[in-house]
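Colleague: Just dropping this structure here.
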Amino acid sequence: MSESRGFPAELLSFALFGALGVAVTAAALAGFAHLMAGHGCSGSVVPVLATAAVCMGSSLCALAAAFRKKVRGLLTGLLQSTFLAVPLALSAVWNGTAAAPAVVCRILAVLLCGCIGGLFGVTLRSRKHTLR
Numbered sequence: 258m259s260e261s262r263g264f265p266a267e268l269l270s271f272a273l274f275g276a277l278g279v280a281v282t283a284a285a286l287a288g289f290a291h292l293m294a295g296h297g298c299s300g301s302v303v304p305v306l307a308t309a310a311v312c313m314g315s316s317l318c319a320l321a322a323a324f325r326k327k328v329r330g331l332l333t334g335l336l337q338s339t340f341l342a343v344p345l346a347l348s349a350v351w352n353g354t355a356a357a358p359a360v361v362c363r364i365l366a367v368l369l370c371g372c373i374g375g376l377f378g379v380t381l382r383s384r385k386h387t388l389r
């Protein structure tokens, strides 16, 4: 955690970037639902598209958090992706499918996408706006 901003500010930014990930996931799910309804896709593609939507939300919230922090991108990405992976794991436990290989792969994919987003967020450079 950052010593300059303090613990409550870090927790608030963690929650805000987590909410960004949830919003991106919801938008991606809505877009995929529209795509499926328009093309008449079968229900067999739903788990793949749901995983892709959660991975998109995970990577974008980790990217934004790491871009703001500019340090420890892998750890930041892992922590931010945990914000989306924990509800997936809890729902799998609730449904009794926690030991299924597809569920474990889905959770690992979300964590991996968060780590990748965190690494990209640290390496992105912010543009300096200057008057010409």
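As numbered in the numbering used here, residues 258 to 389 make up the sequence shown, in order. Think of the CB as a built atom: it goes at the ideal place given N, C-alpha and C, for glycine as much as any other residue.
At a cut-off of 6 Å, is LEU381 close to the ligand FMN when judged by its beta-carbon and the heavy atoms of the ligand?
Modeller: What this structure holds is no ligand at all, so the ligand FMN is not there to describe.
Colleague: Flag this pair as yes or no: are the beta carbons of VAL367 and SER315 separated by less than 7 Å?
Modeller: Within the sequence shown, residue 367 is the residue found at index 110, counting from 1. Within the sequence shown, residue 315 is the residue found at index 58, counting from 1. Yes, Cβ-Cβ distance for VAL367 and SER315 is below 7 Å.
Colleague: Find out if the Cβ-Cβ distance for the pair ALA342, ILE373 is shorter than 7 Å.
Modeller: For the purposes of this step, residue 342 is taken as residue 85 along the sequence shown, with counting starting at 1. For the purposes of this step, residue 373 is taken as residue 116 along the sequence shown, with counting starting at 1. No, these two residues do not count as a Cβ contact at 7 Å.
Colleague: Since ARG325 is in the alpha helix (DSSP H), which residue starts that stretch and which ends it?
Modeller: As a first step, residue 325 must be located in the sequence shown, where it is residue number 68. Per DSSP, ARG325 belongs to the alpha helix (DSSP H) from 303-326.
Colleague: I need the straight-line Cα distance from LEU335 to ALA357, nearest angstrom please.
Modeller: Walking along the sequence shown from the start, residue 335 turns up at place 78. Walking along the sequence shown from the start, residue 357 turns up at place 100. So the alpha carbons of these two residues sit roughly 22 Å apart.
Colleague: Decide if VAL282 is buried, meaning its Cβ has at least 16 other Cβ atoms within 10 Å, or exposed.
Modeller: Stepping through the sequence shown from its first residue, residue 282 is reached at position 25. Sequence inspection shows Thr at residue 282; the Val mentioned does not correspond to that position. With 16 or more Cβ atoms within 10 Å of its Cβ, THR282 is classed as buried.
Colleague: At the level of alpha carbons, what is the spacing between VAL361 and GLY295?
Modeller: Position 104 of the sequence shown holds residue 361. Position 38 of the sequence shown holds residue 295. Whole-angstrom Cα-Cα distance: 31 Å.
Colleague: Nearest by alpha-carbon distance to PRO304: which of VAL279, TRP351, LEU345 and GLN337 is it?
Modeller: As a first step, residue 304 must be located in the sequence shown, where it is residue number 47. Comparing Cα-Cα distances from PRO304 to each of VAL279, TRP351, LEU345 and GLN337, the minimum goes to LEU345.
Colleague: Please report the straight-line C-alpha distance between PHE324 and MET293, rounded to a whole angstrom.
Modeller: Counting from 1 along the sequence shown, the entry for residue 324 is found at position 67. Counting from 1 along the sequence shown, the entry for residue 293 is found at position 36. When rounded, the distance between both Cα atoms is 33 Å.
Colleague: With a Cβ-Cβ cutoff of 7 Å, do GLY371 and SER338 count as a contact?
Modeller: Here the question's residue 371 lines up with position 114 in the sequence shown. Here the question's residue 338 lines up with position 81 in the sequence shown. For GLY371 and SER338, yes; Cβs fall inside 7 Å.
Colleague: Is THR354 buried or exposed, if buried means 16 or more other CB atoms sit within 10 Å of its CB?
Modeller: Mapped onto the sequence shown, residue 354 falls at position 97. Classification for THR354: exposed.
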